[in-house]
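Q: A single structure is presented below for examination.
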Amino acid sequence: MRAVQDESITQPRGHVDSPACLTLSGVGKTFGSGAGQTEALGHIDLAVREGEFLAIVGPSGCGKSTLLQIAAGLARPTQGAVHFHGDEVTAPPPGIVYLFQQYGKSLFPWRTVIDNVAFAVEHLAGMGRAEARASSRRYLDMVGLADFAGHYPAQLSGGMQQRVTIARALAAQPRVLLMDEPFSSVDALTRLELHAIVQDLWQKHGFTAVLVTHDADEAVFLADRIAVLSARPSRVVQVLETGLPRPRDRLETPQMPRYLELRHELLAMLLGKRP
Ligand SMILES: Nc1ncnc2c1ncn2[C@@H]1O[C@H](COP(=O)(O)OP(=O)(O)OP(=O)(O)O)[C@@H](O)[C@H]1O
Ligand SMILES: [Mg+2]
1 MRAVQDESIT QPRGHVDSPA CLTLSGVGKT FGSGAGQTEA LGHIDLAVRE GEFLAIVGPS
61 GCGKSTLLQI AAGLARPTQG AVHFHGDEVT APPPGIVYLF QQYGKSLFPW RTVIDNVAFA
121 VEHLAGMGRA EARASSRRYL DMVGLADFAG HYPAQLSGGM QQRVTIARAL AAQPRVLLMD
181 EPFSSVDALT RLELHAIVQD LWQKHGFTAV LVTHDADEAV FLADRIAVLS ARPSRVVQVL
241 ETGLPRPRDR LETPQMPRYL ELRHELLAML LGKRP
């Protein structure tokens with residue numbers, strides 16, 4: 001795995017010729033049986049490219065969370081298969097980290113901020129407690145929370161708690177970071193700050209990012225590619241290549257003609273005004 005301290009990664013990532021690291025082939029998921037059954041995922045084919053930032057958007061209830069859980073090995077498909085670097089995913093594989101929307105539920109309230117992050121680090125092979133804490137401190141620094149290491153989650157704002165979960169996810173040294181609407185429970189300004197943090201960390205650390213979101217602006221601002229899902233039972237109806245230069249700037253990028261064009265196209269699809 002690439003060293004997490006390496007900040008020199010500048011080569012283009014996620015290009016057309018990058019190999020796929022995570023592949024969903026004909027993935028379908030039906031919950032229940034008989035009259036009460038729900039076909040959530042119809043037939044999903046999707047290859048996530050090594051190192052890219054992929055956004056997945058689609059109408060509410062179309063199966064985005066189900067899809068991400070199946071990709072993470074947290075749930076099994078009823079049809080098709082997921083492969084991670086060629087191996088079929090049947091349980092959560094090392095290297096894939098899942099970032100949940102509900103930061104409040106995913107932090108341990110009885111552990112301090114640094115010990116919440118250290119929890120992920122302690123689970124990496126061969127790391128003692130002192131080393132885990134030193135490493136955790138670096139990750140807290142990256143998300144601007146070094147001064148809050150000794151606080152408990154309840155003593156932090158929602159946005160700060162979500163930054164702790166981001167630090168903890170990175171401390172686990174993901175090869176692939178799967179994020180299920182991780183910014184939807186924070187206020188609009190904090191969301192923009194978290195976008196900048198995630199973009200920066202993704203650029204520096206070289207992991208592959210997959211982001212599920214409802215938010216067209218978030219998808220266009222962060223992603224290299226955007227997979228658009230249909231309503232349930234969902235399929236991938238289109239994959240848009242954003243092609244916007246990086247690093248993306250909060251004030252400049254949204255003014256670019258390409259940004260506005262993508263945002264318009266995406267909103268039209270989400271609102272059902274495009275086939
Ligand atoms: N454990 C479950 N048992 C039964 N049905 C489920 C289960 N999980 C999800 N579903 C159903 O599958 C469909 C897809 O749910 P999912 O949560 O994946 O959608 P989503 O796209 O993430 O929605 P949202 O945008 O609201 O987060 C929904 O109709 C939901 O009711
Ligand atoms: Mg969901």
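Sequential numbering from 1 applies to the sequence shown in the numbering used here. Cβ atoms here follow ideal geometry from the backbone N, Cα and C, with glycine treated the same way. Quick caveat, the model's predicted, so the values are computed rather than measured.
1) Since P109 and A154 are thought to touch, with beta carbons under 8 Å apart, how far apart are those beta carbons, to the nearest angstrom?
2) When the Cα atoms are used, what is the spatial distance from R76 to I70?
3) Taking a cut-off of 7 Å, which residues have a beta-carbon closer than that to any heavy atom of ligand 2, in chain order?
4) Assuming V237 contacts S230 (C-beta within less than 8 Å), just tell me the rounded distance between them.
5) Tell me which residues share the same chain as M1 and place their Cβ nearer than 8 Å to its Cβ, disregarding the 5 neighbours each side in the sequence.
6) With DSSP as the reference, please indicate the residues paired to L178 in a beta bridge.
7) Going along the chain, which residues of its own chain have a beta-carbon closer than 7 Å to the beta-carbon of F207, five neighbours each way excluded?
8) Just the C-alpha distance for G159 and L189, rounded to the nearest angstrom, thanks.
9) Rounded to whole angstroms, what is the Cα-Cα separation between H151 and S157?
10) Check whether the stretch 182–197 and the stretch 27–38 are in contact - that is, three or more C-beta pairs closer than 8 Å.
11) Hey, does G128 have any beta-carbon neighbour from chain B nearer than 8 Å?
12) Quick one: give me the first and last residue of the alpha helix (DSSP H) that G272 is part of.
13) Inspect the CB distances between the stretch 163–171 and the stretch 119–130 and report whether three or more fall short of 8 Å.
14) Exposed or buried, S33, counting other C-beta atoms within 10 Å across all chains shown (16 or more means buried)?
15) Report yes or no: do the stretch 241–259 and the stretch 78–89 share at least 3 C-beta pairs separated by less than 8 Å?
16) What's the gap between the Cα of L267 and the Cα of H205?
17) Taking C-beta to C-beta, are V143 and D180 nearer than 8 Å?
18) Since L244 contacts Y259 with CB under 8 Å, what's their CB separation in whole angstroms?
19) Could you tell me whether any non-hydrogen atom of ligand 1 is closer than 7 Å to the CB of R232?
20) Beta carbon of A216: closer than 7 Å to some heavy atom of ligand 1?
21) According to DSSP, simplified to helix, strand and coil, what is R129?
22) For L107, collect the residues of the same chain with a Cβ closer than 7 Å to its Cβ; drop the 5 residues on either side in sequence, then sort them by chain order.
23) With distances taken Cα to Cα, identify the nearest neighbour of L54 among D224, Y103, Q255.
24) Rounded to whole angstroms, how far is the Cβ of F148 from the Cβ of V113, which I believe are closer than 8 Å?
25) Between which two residues does the beta strand (DSSP E) containing A47 stretch?
26) By a C-beta neighbour count over all protein chains shown, 10 Å radius and 16 as the cutoff for buried, is D215 buried or exposed?
27) What separation, rounded to the nearest whole angstrom, lies between the Cα atoms of C62 and L74?
28) Here's the rule: buried if 16 or more other CB atoms are within 10 angstroms of the residue's CB, otherwise exposed. What is E241?
A: So, to answer that:
1) As a position in the sequence shown, residue 109 is number 109, starting the count at 1. As a position in the sequence shown, residue 154 is number 154, starting the count at 1. Their Cβ separation, rounded to whole angstroms, is 6 Å, which keeps P109 and A154 in contact under 8 Å.
2) In the sequence shown, residue 76 corresponds to position 76, counting from 1. In the sequence shown, residue 70 corresponds to position 70, counting from 1. Rounded to the nearest angstrom, the two C-alpha atoms are 6 Å apart.
3) Residues with a Cβ closer than 7 Å to any heavy atom of ligand 2, in chain order: K64, S65, D180, E181, V212.
4) For the purposes of this step, residue 237 is taken as residue 237 along the sequence shown, with counting starting at 1. For the purposes of this step, residue 230 is taken as residue 230 along the sequence shown, with counting starting at 1. A Cβ-Cβ distance of about 5 Å is found for the pair V237 and S230, placing them in contact under the 8 Å criterion.
5) In the sequence shown, counting from the first residue as 1, residue 1 sits at position 1. Low confidence applies here, because M1 scores a pLDDT of 42, under 50, leaving its location unreliable and the question unanswered by this model.
6) Sequence index remark: in the sequence shown, residue 178 carries index 178 (1-based). In the DSSP output, where bridge partners are listed per residue, L178 has Y98, V210.
7) One-based indexing of the sequence shown puts residue 207 at position 207. Correct list, in chain order: P174, R175, V176, L177.
8) Against the sequence shown, residue 159 aligns to sequence position 159. Against the sequence shown, residue 189 aligns to sequence position 189. Distance between the alpha carbons of G159 and L189: 10 Å.
9) Here residue 151 refers to the residue found at position 151 of the sequence shown. Here residue 157 refers to the residue found at position 157 of the sequence shown. Their backbone Cα atoms lie some 11 Å apart in a straight line.
10) Output reads no: the stretch 27–38 does not touch the stretch 182–197.
11) No chain B appears in this structure, which consists of one protein chain only.
12) Numbered from its first residue, the sequence shown carries residue 272 at position 272. No alpha helix (DSSP H) contains G272, which DSSP labels as neither H nor E.
13) The answer is yes - the stretch 119–130 touches the stretch 163–171, with three or more Cβ pairs under 8 Å.
14) Counted from its first residue, the sequence shown places residue 33 at position 33. Exposed, because fewer than 16 other Cβ atoms sit within 10 Å of the Cβ of S33.
15) Segment contact: the stretch 241–259 against the stretch 78–89, fewer than three CB-CB distances shorter than 8 Å; contact not assigned.
16) Numbered from 1 along the sequence shown, position 267 holds the residue referred to as residue 267. Numbered from 1 along the sequence shown, position 205 holds the residue referred to as residue 205. Taking C-alpha positions only, L267 is separated from H205 by approximately 31 Å.
17) Looking up residue 143 in the sequence shown gives position 143. Looking up residue 180 in the sequence shown gives position 180. It is not a contact, given that the beta carbons lie outside the stated cut-off.
18) Counting from one through the sequence shown, the residue named residue 244 turns up at place 244. Counting from one through the sequence shown, the residue named residue 259 turns up at place 259. Yes, they are in contact, since the Cβ atoms of L244 and Y259 sit about 6 Å apart, within 8 Å.
19) Taking the sequence shown and counting its residues from 1, the one referred to as residue 232 is at position 232. Yes, ligand 1 has a heavy atom inside 7 Å of this Cβ.
20) Start at 1 with the first residue of the sequence shown, and residue 216 comes out as number 216. No.
21) Your numbering for residue 129 matches position 129 in the sequence shown. Residue state, collapsed to three classes: helix.
22) Your numbering for residue 107 matches position 107 in the sequence shown. Exclusion of the five residues before and after L107 leaves N116, P153, Q161, V164, T165 as the residues of its chain whose Cβ lies within less than 7 Å of its Cβ.
23) In the sequence shown, residue 54 corresponds to position 54, counting from 1. With distances taken between Cα atoms, L54 lies closest to D224.
24) Position 148 of the sequence shown, counting from 1, holds the residue named residue 148. Position 113 of the sequence shown, counting from 1, holds the residue named residue 113. With 8 Å as the limit, F148 and V113 qualify as a contact, their Cβ atoms being about 5 Å apart.
25) One-based indexing of the sequence shown puts residue 47 at position 47. Secondary structure note for A47: its beta strand (DSSP E) is the uninterrupted segment 38–49.
26) Within the sequence shown, residue 215 is the residue found at index 215, counting from 1. Residue environment analysis places D215 among the buried positions, since at least 16 neighbouring C-beta atoms fall within 10 angstroms of its C-beta.
27) As a working mapping, residue 62 is identified with position 62 in the sequence shown. As a working mapping, residue 74 is identified with position 74 in the sequence shown. C62 and L74 have their C-alpha atoms spaced approximately 18 Å apart.
28) Against the sequence shown, residue 241 aligns to sequence position 241. A residue is called buried when at least 16 other Cβ atoms come within 10 angstroms of its Cβ; E241 does not meet this threshold and is exposed.
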